[in-house]
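Under our numbering, residues 0 to 323 are what the sequence shown spells out, in order. Idealized CB from N, CA, C, for every residue including glycine. Note that the structure is a prediction, hence the values are computed from the model and not measured.
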Amino acid sequence: MTSTPNRLMAAYTILSRLACLGASLGLVLVIGLSLYGWGHSKADVFNMVWPLPVIAGAGALITLWLFRPRGWAWLRWPGIGLSALLILVNLPYAQLVPRPDALPPRSETGEALRLASFNMWNLNRDPDAAIAFLREGDFDLVFLQETGGPLRRVLGTVQDLYPYQVNCPWGASLISRIPVTEQGCDPYQTVPVAFMQIEFQGAPLRLTSTHFARPTRPDLYAYHRERLSLLIQAQTHQSQIVAGDFNTAEHGHQMRRLAAALAPLQRITHGLRTWPSERLAPMPVIGIDHIWVSDGLCASHTGAAPDAGSDHRPVITLVQRCGA
């Protein structure tokens, strides 16, 4: 008859082997999903939401460290190494750098533009908070998304401060206190885009507000990226600023594709957390709202503003001309 201690040891051995095997298989699946996201935007959401791979890696690492069945070092140690690598690769190091959340200073000489990009959210139940942000911010220009439905009144409410406005299909808008020389929407209505053109320090400056589809709709998501790329390439003879809700976070493979599509513009929003805002979660986790600028433009005081009633936090910056 087998003694109780021997039974317990046998049960622990079986449990340890199953735990190590399950953690290793789970780790393989997680790494496979992460790599699969390179070519599939829907799968890449796993990479964009960085806590998911970090938690998965931490779970596998802890399991493989605690359970040590005899003779299974060949599986445990490579698994521990891969788990640690998964965690290290996906930690949001850029978010550890302090970023301003106060509004950027206003340039008294007019040498810099005080800008914001803000997805106001169609389901916003506190439009007054959005109005307060726009008024108190006293920006030169604001790139807006999701301005339809009950939020239409917001733009009318601030028209005394931002008299130049363009509102386009799918809720893409731009508002400005600076006179505009040209404005409009995507003439083919293929992508949510609103644009304005202003004279800034003696040269034209093109400004574009956009809102991409979610990556869970991969065909439309890729189509928006391609169409915006064409619109940008048609204006490379002049300076440009493109801003909006790109539904693309830094950790995703799709960010590399987006950067290639929007070249030669450069992204200035690094390490920001804009979604979900405090309206939906204790704190934002990822940054999907971005600003891109062309050569010859430099940005400073770039950060994410406090909650303004939406499920996104606004992005703020100060842009001026500099050496190309």
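Contacts around residue i, its chain only, beta-carbon distance under 8 Å, and the 5 residues preceding and following it disregarded
i: I30; result: L81 and L85
i: R98; result: G270, L271, T301, G302 and A303
i: L160; result: L133, R134, D137 and R176
i: G25; result: A55, G58 and A59
i: G308; result: M119, W120, N123, R124, D125, P126, D127, A128, A129, F132 and R278
i: T235; result: P263 and S293
i: M282; result: R272
i: L51; result: F45
Which of helix, strand or coil DSSP assigns to residue i
i: N121; result: coil
i: Y161; result: coil
i: T189; result: coil
i: V48; result: coil
i: P217; result: helix
i: Q200; result: coil
i: C184; result: strand
i: T146; result: coil
i: R176; result: coil
i: T207; result: strand
i: Q232; result: helix
i: M0; result: Low confidence applies to M0: its pLDDT is 49, below 50, so where it sits in the model is not reliable enough to give any reading.
i: R6; result: helix
i: C321; result: coil
Sequence-distant residues of its chain with Cβ nearer than 7 Å to residue i (five each side left out)
i: Q188; result: P168
i: H39; result: P217
i: H252; result: G36, W37, D43 and N46
i: I79; result: L60, L63 and W64
i: P68; result: T12, S15, R16 and C19
i: Q158; result: Q164
i: L219; result: A212
i: T316; result: P103, L114, I267, I290, A298, H300 and T301
i: R215; result: The question names Arg, but residue 215 is Thr in the sequence shown. Excluding residues within five positions, the ones whose Cβ falls inside 7 Å are K41 and V44.
Cβ neighbour criterion (16 or more within 10 Å) applied to residue i
i: M195; result: buried
i: G170; result: buried
i: L95; result: exposed
i: M0; result: With a pLDDT of 49 at M0, under the threshold of 50, the predicted position of this residue should be treated as unreliable, though the coordinate-derived value follows. Exposed, because fewer than 16 other Cβ atoms sit within 10 Å of the Cβ of M0.
i: R113; result: buried
i: R152; result: exposed
i: A242; result: buried
i: Q237; result: exposed
i: D310; result: buried
i: Y11; result: exposed
i: W64; result: exposed
i: L229; result: exposed
i: W399; result: In the structure as shown, the chain begins at 0 and stops at 323. Residue 399 is therefore absent and cannot be evaluated.
i: D100; result: exposed
i: C321; result: exposed
i: P313; result: buried
i: A202; result: exposed
i: Q144; result: buried
i: P191; result: buried
i: R224; result: buried
i: H162; result: It should be noted that the sequence gives Pro, not His, for residue 162. It is exposed - the Cβ of P162 has fewer than 16 other Cβ atoms within 10 Å.
i: Q286; result: Per the sequence shown, the amino acid found at residue 286 is Gly instead of Gln. Buried: at least 16 other Cβ atoms inside 10 Å.
i: A233; result: exposed
Neighbour flag for residue i against chain B, beta carbons, 8 Å
i: L14; result: Included in the structure is just one protein chain, with no chain B present.
Other residues of its chain near residue i: CB distance less than 6 Å, five sequence neighbours each side excluded
i: F66; result: S15, A18 and C19
i: R49; result: Correcting the residue type first, residue 49 is Trp in the shown sequence and not Arg. N89, P91 and H250.
i: D185; result: V192
i: I240; result: L206 and V292
Touching by the beta-carbon criterion (3+ pairs, under 8 Å), the segment 254-272 and the segment 198-207: no
Every unbroken beta strand (DSSP E) within the segment 242-311, with a cutoff of 3 residues, ordered by chain: 288-292 and 296-303
Inter-stretch contact (C-beta, 8 Å, three-pair minimum) for the segment 244-251 and the segment 64-84: no
Segments assigned beta strand (DSSP E), at least 3 residues, entirely inside the segment 60-137: 111-118
At least three beta-carbon pairs within less than 8 Å, the segment 86-93 to the segment 289-299: no
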